[in-house]
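Shown next, in structure tokens, is the structure this report addresses.
Number of protein chains: 6
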Amino acid sequence: MRNNNRNYNDLRTITITTDYVKHPEGSVLIEFGDTKVICNASIEDRVPPFMRGKGKGWITAEYAMLPRATEQRNIRESSKGKVGGRTMEIQRLIGRALRSVVDLDQIGERTVWVDCDVIQADGGTRTASITGAFVAVVLAFDKLKKANTIKKMPVTDFLAAISVGISPDGTELLDLDYGEDSNAHVDMNIVMTGEGEFVEVQGTGEEATFTSDQLQKMLGLASGGLKKINGIQKEVLGDAAGNIGETKTKEDTR
Amino acid sequence: MRNNNRNYNDLRTITITTDYVKHPEGSVLIEFGDTKVICNASIEDRVPPFMRGKGKGWITAEYAMLPRATEQRNIRESSKGKVGGRTMEIQRLIGRALRSVVDLDQIGERTVWVDCDVIQADGGTRTASITGAFVAVVLAFDKLKKANTIKKMPVTDFLAAISVGISPDGTELLDLDYGEDSNAHVDMNIVMTGEGEFVEVQGTGEEATFTSDQLQKMLGLASGGLKKINGIQKEVLGDAAGNIGETKTKEDTR
Amino acid sequence: MRNNNRNYNDLRTITITTDYVKHPEGSVLIEFGDTKVICNASIEDRVPPFMRGKGKGWITAEYAMLPRATEQRNIRESSKGKVGGRTMEIQRLIGRALRSVVDLDQIGERTVWVDCDVIQADGGTRTASITGAFVAVVLAFDKLKKANTIKKMPVTDFLAAISVGISPDGTELLDLDYGEDSNAHVDMNIVMTGEGEFVEVQGTGEEATFTSDQLQKMLGLASGGLKKINGIQKEVLGDAAGNIGETKTKEDTR
Amino acid sequence: MRNNNRNYNDLRTITITTDYVKHPEGSVLIEFGDTKVICNASIEDRVPPFMRGKGKGWITAEYAMLPRATEQRNIRESSKGKVGGRTMEIQRLIGRALRSVVDLDQIGERTVWVDCDVIQADGGTRTASITGAFVAVVLAFDKLKKANTIKKMPVTDFLAAISVGISPDGTELLDLDYGEDSNAHVDMNIVMTGEGEFVEVQGTGEEATFTSDQLQKMLGLASGGLKKINGIQKEVLGDAAGNIGETKTKEDTR
Amino acid sequence: MRNNNRNYNDLRTITITTDYVKHPEGSVLIEFGDTKVICNASIEDRVPPFMRGKGKGWITAEYAMLPRATEQRNIRESSKGKVGGRTMEIQRLIGRALRSVVDLDQIGERTVWVDCDVIQADGGTRTASITGAFVAVVLAFDKLKKANTIKKMPVTDFLAAISVGISPDGTELLDLDYGEDSNAHVDMNIVMTGEGEFVEVQGTGEEATFTSDQLQKMLGLASGGLKKINGIQKEVLGDAAGNIGETKTKEDTR
Amino acid sequence: MRNNNRNYNDLRTITITTDYVKHPEGSVLIEFGDTKVICNASIEDRVPPFMRGKGKGWITAEYAMLPRATEQRNIRESSKGKVGGRTMEIQRLIGRALRSVVDLDQIGERTVWVDCDVIQADGGTRTASITGAFVAVVLAFDKLKKANTIKKMPVTDFLAAISVGISPDGTELLDLDYGEDSNAHVDMNIVMTGEGEFVEVQGTGEEATFTSDQLQKMLGLASGGLKKINGIQKEVLGDAAGNIGETKTKEDTR
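Protein chains in written order, with this note's numbering: chain A, 112 to 365; chain B, 112 to 365; chain C, 112 to 365; chain D, 112 to 365; chain E, 112 to 365; chain F, 112 to 365.
Take a look at the structure:
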């Protein structure tokens, strides 16, 4: 049996507190069990140089952990003077995932800065970050819409992420905590839309390998968990949730 | 009248939540009004190179703000690749202040890492950091003492900090919020022990100057406020507070 | 029709030149069409600090592009003073993939440094890098084995990587060149063993999404292509290929 | 008795050599006993980005030591690739202090760069820097005024700095040399105007504490010393000194 | 006798392969024996800030080695986060040398980026780089001329470089390989035009000294070798070589 | 006629002040006309990692300019966070030159750190640095010898450096000041021993070229100037000069 009597296909308790910090346009504290991440969305009225003059917006993300979010204290990346590879991977993933469900043409030349700061880590910080960041971004756009700065909610669909893996005894597990993740032979992160389409599938044999069959089982577990998470997101978003999808599909801007 | 009907000599509401994050040896969330700082104290079983072989310990502090702790989003120092001058000043101040009330000979060759992370800023983040860090450090030592790792609480006295300043109309004010601080002609931070002795006095005419008389009034305001803060610290520390001072005075180790 | 009359499930011409540079223990030039990567494997007789004293080895990879490997000249990362996020992701991927088919216990306290330097880029540089690096690593171990430095070839299975994607018209494609990759709605990189097990599955909706059915089709295409690539690797490795798998399975060293 | 038969309230011999280096608009070598600092003031005809378009100027300072200004050679900050916390604190202090006695509205969109380079250190380098930089800045403005680039001397009052401290035997001391500073229980730096108003008061219990009474005694000692230093500054400035204060008070530009 | 039966005044086999990489405007692989360098010339339609608005162009060079170009693997400069002194010296030398035979007024506000990447090193990498870069630059200008972007070949003369040195037994040697270079008492690099004028003379007693007579002998050896290298350059350049010198002499633009 | 009525073969006035800064083992201020450089030699009782365990010493040099040593203020390299190419070239040159006349076997496992800090620049800062650094190093070794830390003066010969060049009108000039250097078509730096042997010959056509005949004339001018400089060095060194050469020749330690 897993911690807290979880079954192989059970999520941890997920809590999303909105308006957690007062300054950002959108702010949530998201908790996946003992994993706690502050997700802030800030709107800036300009875009980075490579996007200028295109009449459309941009979404970018940054991710960090407090030094003592973990069992052992980590050296602060500002003290090291550089951002590590793991951090870069995660923040690129968060930004890419959010951009897949936002119609950037609708938001004008604005940048949405998403900051995911892990204050306590117990596995799944990147999936909690994406899931919480989605809510923060919708809240920020909702504020812009209420202020008539934008006309429509530019978010085309729900978005959430979850981890799945394979335990040493060969069982596929949903939403691994830190202890499970450390022991897992395979670690996979899935990002999906409310419609059930994939945005990202990242499966890694941690110095091991996995079969096609195992892959299918993990995808199925993830899919089930993500439906439940979409429900939680919808609930905390309240009225703002109703506008998701009013921009039906992203224009293909390539 | 000040915000929230504060008088010139009133503190903001101060709240200290202990055991805020689960991993650190000592952890608090401290709030001075809308200023919120997570203060974590971590014990490491070794000292930095310049302290090795002396049989005594070390305390060092790091300070950071979440990018959107403030009204305008700040660029992350890890992204800039370097720690700014303001941050350095503050973290040097926090470390120095804490070392003034800890007998480093009592803790063996251990380092106390104090991390002060501002999640929401509304003025006085450095004084809130020192005040909260003191509580986190006492909690961490209390844990060491209960585990018999150290024999006595090595903290010799209470320690807290507060800001004072002079408003544009010439009034001395206690515990400035962000709006007051931005307008103040003089900005002063005072760190004091429970016995009422000074640890740090840092007064800055913000491109202005101040008289000896104004200095005295500010010192008086600070002194009164700090007594009250010591009371709050004592209350949240409970039993652990009783051991403060059992190491009567620091040996002079110079 | 694709460039060079390729069908949707055709690989580009793949060429592997062994002993390309004279100093490294293993060195190949690998070409996937116009993509050309020098893969060098260097053996160092020590391991990084976090691996010391465990009696086992380590494999790590670095990846870079010549500034003018691409249509537009890129700024050199040494001139920028830091390694970018894309580079970090790729070099972490290469190292992780190689470690999945090498029994690190067999090689003693040695580090294999794998350097993948792209001299000309036309899509698929990371998959060419993994595929070529595998050959360079086998060559390096073969040299160690012939010198009796190690007793058995520590490589447990073949390893190769390929990209698949979905074109704007909805067709799944194998081994995308740069033009195809720039237009693709979905981009996926698959790393697989000779036994057909997955090592990495990284699928990204490039600001788009994909269905479960599309995922299956892409996995199938990749699987077919990788079998052919394993054949090419086997041929260029000659005798050394015969020893792959003599260390049957990696011990679980977690 | 102190070195050189100094009494507790004696300054060291202070010498200011004007026009020390030929290129800068203002240049002095200042000596406080064996502490020697070159202070150069350079005028640049533009302001930093955050000041543009306001029609006023800016003053900023940089501080450094030659590697062998001290008993032990220090690693050059350019070799380390970053400026340390102590350096940052000092250069922020110098700039802030100078801005308190210059009416930035009078100088147009110009930046005064103040460079304080310590060529020999024996305690009190930051106070010597401020004291010397003040003279260099007045000389630079005098040159601008003589060239009719500015109409009035924009310096509103004299400015100087001195250190005070408490020796291990409890005596308050003025202008500590390196040996005294290393042993002092309390270290305080005072910056004051010619009118006797405070600009900065920075007192630090060096892992010790001090009473209100000790603070008063130190402030008194500093005040006496600074009057004498103002006299020396006035003498070396000659005619230029006469124009200080013709801009009576700074406008409040906040 | 030297390796490969070379006499003291023999060059190694020199091979220049043009159009080595497909993207750059000019690209060659140059080989001096086992030393192999890819030299790419890229044309950018703007100049660096310090050259803007002058109506003339700029040439700059970057130099790097693959980590395993050498017997021992070198740490990548991008991983170190900074470019070393030796690299800087070489890239400054290459750029300066090329600028001496190009009339920058003829090329408009364009920058020629020259990238010299050593893929295998066996002594003389900087002289091979200059010699190959010259060919790449002529090829790039030839392409601009054929496209009527520039009217005349702006290259005023041939340019090549070679190393000379003094062996431990006192013999002057031409074109040292790595083994010879490591043992040489004196190391000298000569850059010369087709007309036989010096562009750079850099002689270094490697912790040794040399006489005027030895200097003359080395200059003579270099001069003879460089004539032969000019012949090889002329041959590989084919028709493009005929236009060198049509801009007879550089205008003096100082 | 040149400034100060100098003939083409005249040196500027050269002044060497010994014991300029009190802490270093050897310290001089050297002036070549208006060029002023502080040269400090510091002895450290250990060698860098690559020299450990060989029983011999090392000499290394660092070079910097005060920001306003020049007509226009330069950005401090510590603020930029990196040392520029020109600085690296110069400090490598200084170190290499000094090592050519010091028998590193005589000094034990010690490092001589040579710091050359230009406080005022008017051309020839690198040659003044080498010339002054030589004196500082001899003074430092003299102190070690007097303290019986080393037995013999390990300096085998005198060492000095001078610049020569060709003016726009074709005249070869000795010891160029800044104005001359800016206009010169060719710039050459010569480092020579007291015996008249070359240590370094660095001639650069500044985007121009020079003939063999011009090279000979410049070498002749340099040789004459350097003899005079050796005389000045000998005079200021006094008794210490007498020991130069008591270690007759360097052992060949390669």
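For every residue, glycine included, the Cβ atom is placed at its ideal position computed from N, Cα and C.
Look at the region 192–213 of chain B: the residues with a C-beta under 7 angstroms from a C-beta of chain D are Lys193, Gly196, Met199, Glu200, Arg203, Arg207, Arg210, Ser211.
Secondary structure at D/Val229: strand, using DSSP grouped into helix, strand and coil. At a cut-off of 7 angstroms, the C-beta of C/Gln313 has a neighbouring C-beta in chain A.
Among the residues facing chain D, B/Gly168 is not included, as its CB has no counterpart in that chain under 7 angstroms away.
At a cut-off of 7 angstroms between beta carbons, C/Gly336 makes no contact with chain A.
When secondary structure is reduced to three states using DSSP, B/Ile340 falls in the helix class. Taking each of D/His296, D/Glu311, D/Val297 in turn and checking the Cα distance to D/Met303, the smallest one comes out for D/Glu311. Using a Cβ-Cβ cut-off of 7 angstroms, C/Val275 does not count as an interface residue toward chain A, since no Cβ of chain A sits closer than that to its own. Listed along the chain, the chain A residues whose CB falls inside 7 angstroms of the CB of C/Ser190 amount to none; the nearest CB is some 16 angstroms away.
A Cβ of chain A is located within less than 7 angstroms of the beta carbon of C/Glu318. Of all residues in the region 127–146 of chain F, only Val132, Lys133, His134, Pro135, Asp145 come within less than 7 angstroms of chain D when Cβ atoms are compared, listed by chain position. Per DSSP, reduced to three states, the secondary structure at A/Met264 is coil, with no helix or strand assignment. Three or more Cβ pairs closer than 8 angstroms define a contact, and the region 190–205 of chain A falls short of that threshold against the region 249–267 of chain A. F/Ile186 counts as exposed, since fewer than 16 other C-beta atoms from the protein chains shown sit within 10 angstroms of its C-beta.
Residue nearest to B/Ile355 within the set B/Gly316, B/Arg157, B/Pro265, B/Leu330 is B/Pro265 (criterion: CA-CA distance).
Between the alpha carbons of E/Glu346 and E/Gly164 lies a distance of about 37 angstroms. Flagged as an interface residue toward chain D: F/Asp228, by a C-beta distance shorter than 7 angstroms. When DSSP assignments are scanned along the region 190–265 of chain F, the uninterrupted stretches of beta strand (DSSP E) that are 3 or more residues long and fall wholly within it turn out to be 222–231. Across the structure, B/Leu177 and B/Gly335 are spaced so that their CA atoms are roughly 31 angstroms apart. Taking 7 angstroms as the cut-off, the Cβ atoms of F/Gly168 and F/Leu215 count as close. Per DSSP, reduced to three states, the secondary structure at F/Gly331 is helical. If only complete runs of 3 or more residues are kept, the region 139–195 of chain B shows the beta strand (DSSP E) at 146–155, 169–176, in order along the chain.
A contact between stretches requires three or more CB pairs, one per stretch, nearer than 8 angstroms, and the region 197–214 of chain A meets this requirement with the region 223–243 of chain A.
Nearest CB-CB separation between E/Phe269 and chain F: not below the 7 angstroms threshold.
Residues of the region 288–306 of chain C with a Cβ closer than 9 angstroms to any Cβ of chain A, in chain order: Ser293, Asn294, His296, Val297, Met299, Val302, Met303, Thr304, Glu306. Around the beta carbon of A/Pro135, 16 or more other beta carbons lie within 10 angstroms, which makes this residue buried. Here DSSP, grouped into helix, strand and coil, assigns D/Gly307 to coil.
Shown here, B/Val347 sits in a helix according to DSSP, grouped into three states. Close CB contacts of C/Met162 within its chain, under the 7 angstroms cut and outside five residues either way in sequence, are with Trp169 (chain order). Remark: C-beta atoms of C/Asp298 and C/Glu317 approach each other more closely than 7 angstroms. Distance between C/Thr222 and E/Ala295, taken at the CA atoms: about 33 angstroms. Residues of chain F whose Cβ lies closer than 7 angstroms to the Cβ of D/Ile218 do not exist, since the nearest Cβ in that chain is about 17 angstroms away.
A Cβ-Cβ contact shorter than 7 angstroms links C/Thr129 with C/Val139.
Taking 7 angstroms as the threshold, the shortest C-beta distance from A/Pro160 to chain B does not fall below it.
Listed along the chain, the chain F residues whose CB falls inside 9 angstroms of the CB of D/Leu284 amount to none; the nearest CB is some 22 angstroms away. Counting along the chain, D/Ser278 sits inside no alpha helix (DSSP H), nor does DSSP assign it H or E at all.
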